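Protein chains in written order, with my numbering: chain E, 1290 to 1521; chain Z, 1290 to 1521. By construction, the Cβ of each residue, glycine as well, lies at the ideal position given by its N, Cα and C atoms. Since this is a predicted model, take the numbers as computed values, not measurements. Inspection log for the structure reproduced underneath, given as C-alpha cells.
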DNA sequence: CCAACAGTGGACCGATAAGTCCAATTCCCC
DNA sequence: GGGGAATTGGACTTATCGGTCCACTGTTGG
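In C-alpha cells form, the structure reads like this:
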C-alpha cells in the first residue's frame, strides 16, 4: 500500500491481527467491486455487508464511516488499475511499446464489455466535488499512473527517439487524458471504438514529437497509416 | 420492449400552459445546476424543491419520477454544452479554427474553476450503469457533439487541408475523447493544465493527417512547436 | 359566471440509508 | 489455561429519500 509522505490523518486504527487484515481486505475488495458497478452512492453499506458475509459492526470496526471505506477503495483501485498495466508500463520505451500499452488498455476494457468504464475515472467523477479527501486520493492515483507513462516517455527521449523539446510530463498527462476520455465514451457507447480512436490519435500526436531520424517515425506499428487501424 | 423509432415512450404528459412551461423550465434548470455540482444521487427532490420555490406535487405534476427529471436534465445539458461552443463549432474548417475551439473549451472550464467537470461527462459516468434510458440520452448528446466536430473536419478535408485517407468521424470521436478525459483530469486536479495538454496532443495528432502542402502543417498557430504552448 | 382543469401547497407514508450499541465469541499471549 | 483485546452478530435509532394523496387556488373558455 502506498503511503502518503505526510503521514495520513487517519483515525488511529486498532491493531490488526492476521484475521482482521483478511476481513478488512475482503470488505474493501467487495466494496470496490460494488462501487465500480453501481457507483459510490449506489452502494449501501448493507450491500457491502451482504456481499461479504460480514456484519454491520465489522464495517464500523475497520472503518470510521463510509467515507473511510471509500478512501480505502480508492487506494485499492489505484493499485489494481496500475497493476493491470504493469508489464506494458514497465517497458514503455518506444512507440511500439506505447502501442502495446494501448492494446492492453483496450483489451482490459473490452473484456468487461466497457461496463463501469475506468474504476478510477468513475470515482473521480463521483467524488471530486463532494469528498475532498477522496479527490486528493484519486488525484494522487492519476498522478502515479501519469508518472509511469512519463517515465516511459523520458526513456524514449533519453534514447533519442523523442525530440528534445518535447515535455514527457505534459505528454504523459495528455495520453492519460485521452485514455480517460476514451474510457468514458466507450462506457457510454458500450463500444471500445471511442477508446481506440482516442488513444490512436494521442499516439499520433506523440508521433509528431519523434526525432526525424527515428526508425519508428514512419509508423512500423501502423502499416495502413496513422489512426487507420481497424477496430476489433 | 419494442420502441417505434419516432414516438418517444414517455408518459402522456398533461397539456402545458404558458405558466406551466415556465415552472417546468425553472425546475429543470435548477435540477441541472444542482446535479452538475452534487451529482444526480447527491441531489434530492427536496433540494430541487427548495431551490425552485416549488412544492413536491409540482415536481410530480411535471415529471413522472426522478428518472424522468434526470432525462430532462440530460437534454438540457446537451443543449447548453453545445450552445456554449456554438460559434467555434460553426466554423471548424481549419487547424486554426480547431485551436480557437480548444481555447474556448479551456476558457469555459477555467471560468468555473474546473468545478463539476463536463456536465455531460458527469451524467455519463453516473448514469451509464444504472439508467439505460439516461445512458442512451447521454450517448445521443455525445454523438451530437461529435458530429459537430466531424462536420468541421469534413470541411477541412473538402478544402484539401486534411489528407484523403483520414476518417473525420473517427478523428472527431477521438478529439471529443481527449476533451472529456482532459475535463475529468482537470476537475480532479483543479487545474486546466490536463485539459490543455490533452487537447493540444489531440490537435497534434490531427496535424499528422494534414495534407503536406497545407499552409497549416508547419503550425502557424503554435509558433514554439507542437504541444509547447504555455498554459494560462 | 361557472364548470372543468391546470397548477399548487404540504402533510404523510413506507423504504432504506448511515450510524450506534452491546453482548457474545474468538483469538493471542503471558 | 485464563485474561484481555480483537473480532463478530445483529437489533436498534434516527434521518432522509422517493413517492402518494388530497385539498385548495388560479385560469379560461363556453
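- No Cβ of chain Z is located within less than 7 Å of the beta carbon of residue 1441 (chain E).
- Here residue 1359 (chain Z) is buried. Its C-beta has 16 or more other C-beta atoms within 10 Å.
- When secondary structure is reduced to three states using DSSP, residue 1305 (chain Z) falls in the coil class, being assigned neither helix nor strand.
- Annotated three-state conformation of residue 1492 (chain E) is helix, per DSSP.
- Taken atom to atom, the span from the alpha-carbon of residue 1431 (chain Z) to that of residue 1361 (chain Z) is near 16 Å.
- Around the C-beta of residue 1490 (chain E), 16 or more other C-beta atoms lie within 10 Å, and the residue is accordingly described as buried.
- Of the residues E:1446, E:1434 and E:1499, the one whose Cα lies closest to the Cα of residue 1372 (chain E) is E:1434.
- For residue 1395 (chain E), the enclosing alpha helix (DSSP H) begins and ends at 1384 to 1400.
- Residues of chain E with a Cβ closer than 8 Å to the Cβ of residue 1467 (chain Z) are, in chain order, 1463, 1466, 1467, 1470, 1487, 1490 and 1491.
- Using a Cβ-Cβ distance cut-off of 8 Å, the stretch 1326 to 1334 of chain Z and the stretch 1405 to 1424 of chain E are in contact, since at least three pairs of beta carbons, one from each stretch, lie closer than that value.
- Between residue 1496 (chain Z) and residue 1452 (chain E), the C-beta gap is not smaller than 7 Å, which leaves the two residues out of contact.
- The beta-carbon distance between residue 1439 (chain E) and residue 1487 (chain Z), rounded to whole angstroms, is 14 Å. This is too long to meet the 8 Å contact definition.
- Under the three-pair Cβ rule at 8 Å, the stretch 1403 to 1413 of chain Z does not count as touching the stretch 1341 to 1357 of chain Z.
- For residue 1494 (chain E), the nearest CB of chain Z lies under 7 Å from its own CB, placing it at the interface with that chain.
- Taking the beta carbon of residue 1327 (chain Z) as reference, the chain E residues within 8 Å of it are 1418 and 1419, listed in sequence order.
- Looking at the DSSP output, residue 1499 (chain Z) bridges to Z:1451.
- Using beta-carbon distances, residue 1429 (chain E) does not count as an interface residue toward chain Z, since no partner is under 7 Å.
- Taking C-beta atoms as the reference points, residue 1437 (chain Z) and residue 1378 (chain Z) count as a pair closer than 7 Å.
- Under the criterion of beta carbons closer than 8 Å, residue 1337 (chain Z) and residue 1357 (chain Z) do not qualify as touching, at roughly 13 Å.
- Closer than 7 Å to the CB of residue 1497 (chain Z) there is at least one CB belonging to chain E.
- The stretch 1453 to 1463 of chain E and the stretch 1443 to 1451 of chain Z do not touch, with fewer than three beta-carbon pairs separated by less than 8 Å.
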